[in-house]
Amino acid sequence: MSRYSRQIKLTEVGPDGQKKLRNAKVLIVGVGGLGGPAAQYLTGAGVGKIGLIDHDKVDISNLHRQVLFCESDVGKPKAVVAKEHLEKQNSEVQFQVFEEPLTIENVENIIKQYDVVLDGTDNFETKYLINDACLLADKPWVFASIYKNEGQLSVFNYKNGPTYRCVFPKSTRQNISCEATGVLGVLPGFLGTLQAAEVLKIILGVGEVLSGKLKLVNIMQASEQTIKINKRPEEIAKIRQSGIAPVYIDCNLKNKEHWYLDVREVFEQPKPKGKKVLNIPLGDLTSRHQEIPSDQEVFVFCQTGKRSKNAIEILKNEFDFHNLKNVEDGIETIIDG
Amino acid sequence: MKVTVKYFGLVAEATEKSEEVMELKGELTAIALKEQCLKGLTITDKDSVQIAVNQNLDDSITIKDGDEIALLPPFAGG
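Protein chains in written order, with the numbering used here: chain A, 351 to 687; chain B, 0 to 77.
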């Protein structure tokens, strides 16, 4: 019996369906808790080509949920190691490895080579990037995200259906990772497996695809429900008009009277709004110190308080600034809201 | 009128419960109810929380007696 005999037996698959799977190309963005199990099942099912994007390395703390990886993989690049394991699972599948983050620069070129995108990312910036790129390239994408014991799942941009922005129009700075909240390994495993099921249905053109619906699961309560989502044509039109743009997540600072100096890199989020907030990355202070007021108190911050401490040392010792105050625990402590 | 409000993610944490029955007075749209529910909670980005009424994501709906409300924040983890 052939490798795929058990699924070919299903009327939803059959020999024609298996051919569809063999001709399909699926891109998995983020080969972690969600993307790993999804990759294993799609490899098993005989999807013709699978793209694996991840710029991260395997950490020992990943192993409880990212069951594709072994102890000997710790310290190695996830996308590369994933390919090695998956090739052993099914040598008929072709893999393409991208050992880089998905960015505004590379997204268009990568996505156009695939039929469906599976989101295994852990941050809002990349989710919006996938959403907008898939909208413009007219590709469906399968979304999942988790928070502690809860998960969300949907298929976006499927046959002109709703997009991620139709559910969550604006990005948020509440980027809370599994590292920060804790998670049982089975939750992303469960959702990643459901994502793989959606991908298979999309490729095969069978069943009910989870488009126009947001599935919510809670493994502690053993509960789930499905919410109907509607298209927000104005959100879709905005992206069609603007194209793919960087996602800026803005915020307000508690005190609008103070001067602030943000020494983080320009891409770091969230971005405080206000006329009295300067953004000069640590590395540019020497060339741009003239921009900083020297006659009023200036609060210097970064993400955690470390770089801002260094910045103050540099500005004090090299340029004689004596009006700087460090925000000890980083930007989160001075945000309003 | 009485409605059942279900909380998810960070909202459930901030309220310290997964659901509750609320007694409401007067006519209220979903978006107004959302603001009322989130008022006083320590959630950093309230705008990002979405509201569903009877499993339908639409904040313009007028709330009726017996409605089931869900407050849904976005999740980022993977």
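The C-beta atom is built at its ideal place from N, Cα and C for all residues, glycine as well. Since this is a predicted model, take the numbers as computed values, not measurements.
Along the chain, which unbroken stretches of the alpha helix (DSSP H) at least 4 residues long are found entirely within the region 521-560 of chain A?
For the region 521-560 of chain A, whole alpha helix (DSSP H) runs of length 4 or above, ordered along the chain, are 528-531 and 536-554.
Determine, for B/G65, whether the minimum Cβ-Cβ distance to residues of chain A falls below 9 Å.
Under the 9 Å criterion on CB atoms, B/G65 is classed as non-interfacial with respect to chain A.
Element boundaries [beta strand (DSSP E), containing A/G394]:
Note, A/G394: premise wrong, no beta strand (DSSP E); alpha helix (DSSP H) at G385 to A395.
If we define contact as Cβ-Cβ less than 9 Å, is A/V677 a contact residue for chain B?
Chain B, which has no Cβ nearer than 9 Å to the Cβ of A/V677, makes this no.
Hey, out of B/S17, B/T14, B/D66 and B/E18, whose CA is closest to B/A29's CA?
Between B/A29 and the set B/S17, B/T14, B/D66 and B/E18, the nearest pair of CA atoms involves B/D66.
Nearest chain B C-beta to A/I496 closer than 9 Å, yes or no?
It does; some Cβ of chain B falls within 9 Å.
Neighbouring residues, chain A, relative to B/G39 (Cβ below 8 Å):
Correct list: empty, because the minimum Cβ distance to chain A is about 13 Å.
Kindly list the residues whose CB is nearer than 6 Å to the CB of A/G386, restricted to its own chain and excluding five residues on each side of it in sequence; keep chain order.
Result list for A/G386: Q416 and L418, in chain order.
Does the beta-carbon of A/F617 have 16 or more other beta-carbons within 10 angstroms, so that it is buried, or is it exposed?
Exposed, since its Cβ has fewer than 16 Cβ neighbours within 10 Å.
Under 9 Å between the Cβ atoms of A/L503 and A/L479?
No, they are not a contact pair.
May I ask you to report which of helix, strand or coil DSSP gives A/Q653?
Correct three-state label for A/Q653: coil.
Relative to chain B, which residues along the region 374-386 of chain A have a C-beta separation below 7 Å, given in chain order?
Taking 7 Å as the Cβ-Cβ cut-off against chain B, the residues of the region 374-386 of chain A that qualify are G380, G382, G383 and L384.
On the DSSP letters alone, give me the boundaries of the beta strand (DSSP E) that A/A487 sits inside.
Taken as a continuous stretch (DSSP letters only), A/A487 belongs to no beta strand (DSSP E), being part of the alpha helix (DSSP H) at F474 to A487.
Provide the residue span of the alpha helix (DSSP H) that contains A/I461, from first to last.
First-last of the alpha helix (DSSP H) with A/I461: V457 to I461.
Check the DSSP bridge columns for B/M21 and list the partner residues they point to.
Paired residues: B/V2.
Which residues, taken in chain order from the region 46-58 of chain B, show a beta carbon closer than 7 Å to some beta carbon of chain A?
Answer in chain order: D46, S47, Q49, A51, Q54, N55, L56 and D57.
For B/L56 and B/Q49, which I take to be in contact (beta-carbon distance under 8 Å), what is that distance rounded to the nearest angstrom?
Under the criterion of beta carbons closer than 8 Å, B/L56 and B/Q49 qualify as touching, at roughly 6 Å.
Using the Cα positions of A/I552 and A/G539, report the straight-line distance between them to the nearest angstrom.
Cα to Cα, A/I552 sits roughly 20 Å from A/G539.
Of all the CB atoms in chain B, is at least one closer than 9 Å to the CB of A/T654?
Using a CB distance cut-off of 9 Å, A/T654 does not count as an interface residue toward chain B.
Measure the Cβ-Cβ separation of A/A487 and A/I461 and say whether it is below 9 Å.
Cβ distance < 9 Å, so A/A487 and A/I461 count as in contact.
On a Cα-Cα basis, can you pick out the residue from A/S592, A/E682, A/R614 and A/L635 that is closest to A/F669?
Among A/S592, A/E682, A/R614 and A/L635, the Cα nearest to that of A/F669 belongs to A/L635.
B/T61 CB to nearest chain A CB: under 9 Å?
Not one chain A Cβ lies under 9 Å of B/T61.
Residues in the region 604-629 of chain A having any Cβ partner in chain B nearer than 7 Å
Those residues of the region 604-629 of chain A placed with their C-beta closer than 7 Å to a C-beta in chain B do not exist.
Touching or not, the region 462-469 of chain A and the region 654-671 of chain A, by the rule of three or more beta carbon pairs under 8 Å?
No: fewer than three Cβ pairs fall under 8 Å.
Please give me, in chain order, every unbroken run of the alpha helix (DSSP H) with length at least 4 that falls completely inside the region 582-606 of chain A.
You should have 583-592.
Beta-carbon separation of B/G25 and A/I496 under 9 Å?
Taking 9 Å as the Cβ cut-off, B/G25 and A/I496 do not qualify as a contacting pair.
A/Y391 to A/A546 span [Cα, whole Å]:
Rounded to whole angstroms, A/Y391 to A/A546 spans 7 Å at the Cα level.
Element boundaries [beta strand (DSSP E), containing A/Y497]
W491 to Y497 is the extent of the beta strand (DSSP E) around A/Y497.
Contact under 9 Å by Cβ, A/C516 with A/I586:
Taking 9 Å as the Cβ cut-off, A/C516 and A/I586 qualify as a contacting pair.
If the criterion is Cβ atoms closer than 9 Å, does the pair A/C652 and A/V613 meet it?
Contact flag set, yes.
Given a cut-off of 9 Å on the beta-carbon distance, is the pair A/G425 and A/V408 in contact?
Inclusion of A/G425 and A/V408 in the CB contact set at 9 Å is warranted, their separation being smaller than that value.
Name, please, each residue of chain A whose Cβ falls closer than 7 Å to the Cβ of B/A69.
The answer, in chain order, is I577.
Selection of the region 435-464 of chain A by Cβ proximity to chain B, strictly under 9 Å
Cβ contacts with chain B come from no residue of the region 435-464 of chain A.
Is A/I403 near A/V379, with beta carbons less than 9 Å apart?
It is a contact, given that the beta carbons lie within the stated cut-off.
For A/S504, the three-state DSSP class (helix, strand or coil):
Three-state DSSP puts A/S504 in a strand.
I believe A/E685 touches A/L674 by the beta-carbon criterion, under 8 Å. Please report the beta-carbon distance rounded to the nearest angstrom.
The identity of residue 685 of chain A in the sequence shown is Ile, whereas the question assumes Glu. 20 Å between Cβ atoms; not a contact.
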